[in-house]
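Structure record follows, encoded as C-alpha cells.
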Amino acid sequence: MSLLRQQGSTVTAPPSAAPAKGLRTPAGGRRTGGLSARTRHKGMGVLLISPFLLLFLAFLVAPLGYAFWLSLRTSTLVGGDHFSWFANYQQTFTDPHFLSGVRRVAVFGVVQIPVMLGFALLGALIIDEVTSRLAKVFRMTLFMPYAVPAVIGALMWGFLYSPTFGPVNAISNSLGLGKVDLLSHTLMLTSLGNIVTWQWTGYNMIVLYAALQGLPREVYEAAKLDGAGQVQTALRIKIPMISSAMVLALMFTIIGTLQFFTEPRVLEKTASSVITPDYTPNLYAYNLAFQYSEFNYSAAISFSLGAVVFIGSYFFLFATRKRSGLK
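With the UniProt record's numbering applied, the sequence shown covers 1 to 327.
Structure (C-alpha cells):
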C-alpha cells in the first residue's frame, strides 16, 4: 500500500498539448490564419453594393466626365475639333440667350416659389390641426397631383389652356368675358406657374406635415394652457419649430426652378411663338444639342447652370444655417 502510494506520488501528469497555430483557443486566443469575421463582413458588404456602384459609375460618373470633356473642346467646320479649355464657359456667361433665360427663370421663381410654399404650409397646418377622417382625404387629394407624371400633367394643362378647343376659353366666352389666351406672352409665366404649383404643392405639404408630426405635443398643451389660440400656436410655435424643414423644401424648390424644363418643353409646340428655344437655360442647352448639334457648347451651358445651382444652394444654406439649425 505504501509502495503504491509512493509510485502514485512520483507519477506526473503529461504536459498539455500546445495549441496549434491558426486555431482559436478556448481562452480566447486570436486566430492567425485565414480571414477574420470583420474582413469577411466587409467583403460581403462590398459585394452587395457592387451592382449599385457599377450602375452609378456607368450611368452617372462616366456620362458626367464625358460631358465635361466635351465642354472643354470646340468643334467647327473650318477649324475642326480641338481643345479650347474654358472658352465655351466664357462664351456662356456672355451669351444673351443664356442670360435672358436665367433672368426669366429668376422672375418666375421669385413669384411662384413663395406662392407654392405658402399653400403647402397652409395645407400642412390645416391637416395637422384636423384629426378626423376628412384630414386623410384632404391629404391624399393634395398629394395626388404629385403622383401624376410631369409630362402628363403639362399635356393636360396644355389642353385646358388651348385657345382653340380648350374648356377654359369656352367657359370665359360663355360668361361674356371674351377670349382669354393663357398661352400669350403676358400670361405664359402665370400659366406655367399654375402648372408647377399644382404639381408640387402636395409634395411640399407632405414634407412640412411630416415635420409637424414630429413636434412634441406637450408644447401645444402648454401653449393652450397659456391661452394661445390656434393661429398664435401656428405662428409662434409650429412654424418656428419646423424652420429646418421649410429651409430644405425651399432649397429643393429653388434647385428645381433653376432646372425648369419639362413644362416649357411640352408646351413649346402648342405656343411656339412664345416659348422660344432659349426660354429657359435647360431648354436652351437641350435645343443646342439635339437641334443644332452643338454638343460642346451645350455641355458647357449645362455645367455652368450646375455651378450656379451649387453655389447658390451653398450660400443659401450658409445664410440660413443659424435660423434653421442646419449645419
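Glycine included, every Cβ here is placed at the ideal spot set by N, Cα and C.
Using 8 Å as the threshold, is the C-beta distance between A154 and T262 below it? yes
Please go through the same chain and pick out, in chain order, the residues whose beta-carbon is closer than 8 Å to the beta-carbon of T98, but skip the five residues on each side of it. According to the sequence provided, residue 98 is Phe. The question's Thr does not apply to it. Only T92, D278, P281, Y284, I301, S304 meet the Cβ criterion.
For Q259, which residues of its own chain have a beta-carbon under 8 Å away from its beta-carbon, when the five flanking residues on both sides are left out? N282, L305, V309
Once you ignore the five residues that flank D81 on each side, which residues in its own chain have a CB closer than 7 Å to its CB? R73, S75
Round the Cβ separation of F108 and L192 to the nearest angstrom and send it over; I've been treating them as touching at under 8 Å. 7 Å
Secondary structure, beta strand (DSSP E): runs of 3+ residues fully inside the stretch 60-123: Within the stretch 60-123, the complete beta strand (DSSP E) runs of at least 3 residues are 73-76, 80-83.
I'd like to know whether the C-beta atoms of A249 and L117 end up nearer to each other than 8 Å. yes
How about the stretch 196-208 and the stretch 160-167: do they share at least three Cβ pairs that are nearer than 8 Å? no
Within a Cβ cutoff of 8 Å, which residues of the same chain sit near S298, ignoring the five residues on either side of it in sequence? A285, Y286, L288, A289
Which of the three DSSP states, helix, strand or coil, is assigned to S244? helix
Over the uninterrupted alpha helix (DSSP H) stretch that includes F159, give me the two end residues. Annotation: the continuous alpha helix (DSSP H) that includes F159 extends over 150-161.
Which of helix, strand or coil DSSP assigns to G43: Look at G43 here: in three-state DSSP terms it is helix.
Taking only the alpha-carbon atoms, compute the straight-line gap between S71 and V61 and give it to the nearest angstrom. 15 Å
May I ask which residues mark the beginning and end of the alpha helix (DSSP H) holding Q291? Counting along the chain, Q291 falls outside any alpha helix (DSSP H), and DSSP gives it neither H nor E.
Grouping DSSP H, G and I as helix and E and B as strand, with all else coil, what is T276? coil
If you draw a straight line from the alpha carbon of V148 to that of G229, how long is it in whole angstroms? 37 Å
Residues near M241 in its chain [Cβ-Cβ closer than 7 Å; skip 5 each side]: Taken in chain order, the residues that qualify are L215.
Just to confirm before moving on: does the CB-CB distance between V274 and H185 stay below 8 Å? yes
Work out the CA separation of D128 and K238 for me, nearest whole Å. 10 Å
With the cut-off set at 8 Å, would you say S313 and M246 are in Cβ contact? no
S172 and V180: beta carbons closer than 8 Å? Cβ distance < 8 Å, so S172 and V180 count as in contact.
Range of the contiguous alpha helix (DSSP H) that encloses residue 329: No statement about residue 329 is possible, as the shown extent of the chain runs from 1 to 327 and does not include it.
M205 and L142 - do their beta-carbons sit closer together than 8 Å? yes
Compute the Euclidean distance between the alpha carbons of A319 and Q90, then round it to the nearest angstrom. 28 Å
Check for me: the alpha helix (DSSP H) holding I171 runs from which residue to which? Here the alpha helix (DSSP H) through I171 covers 167-174.
How would you call L53, buried or exposed, if buried means at least 16 neighbouring beta carbons within 10 angstroms? exposed
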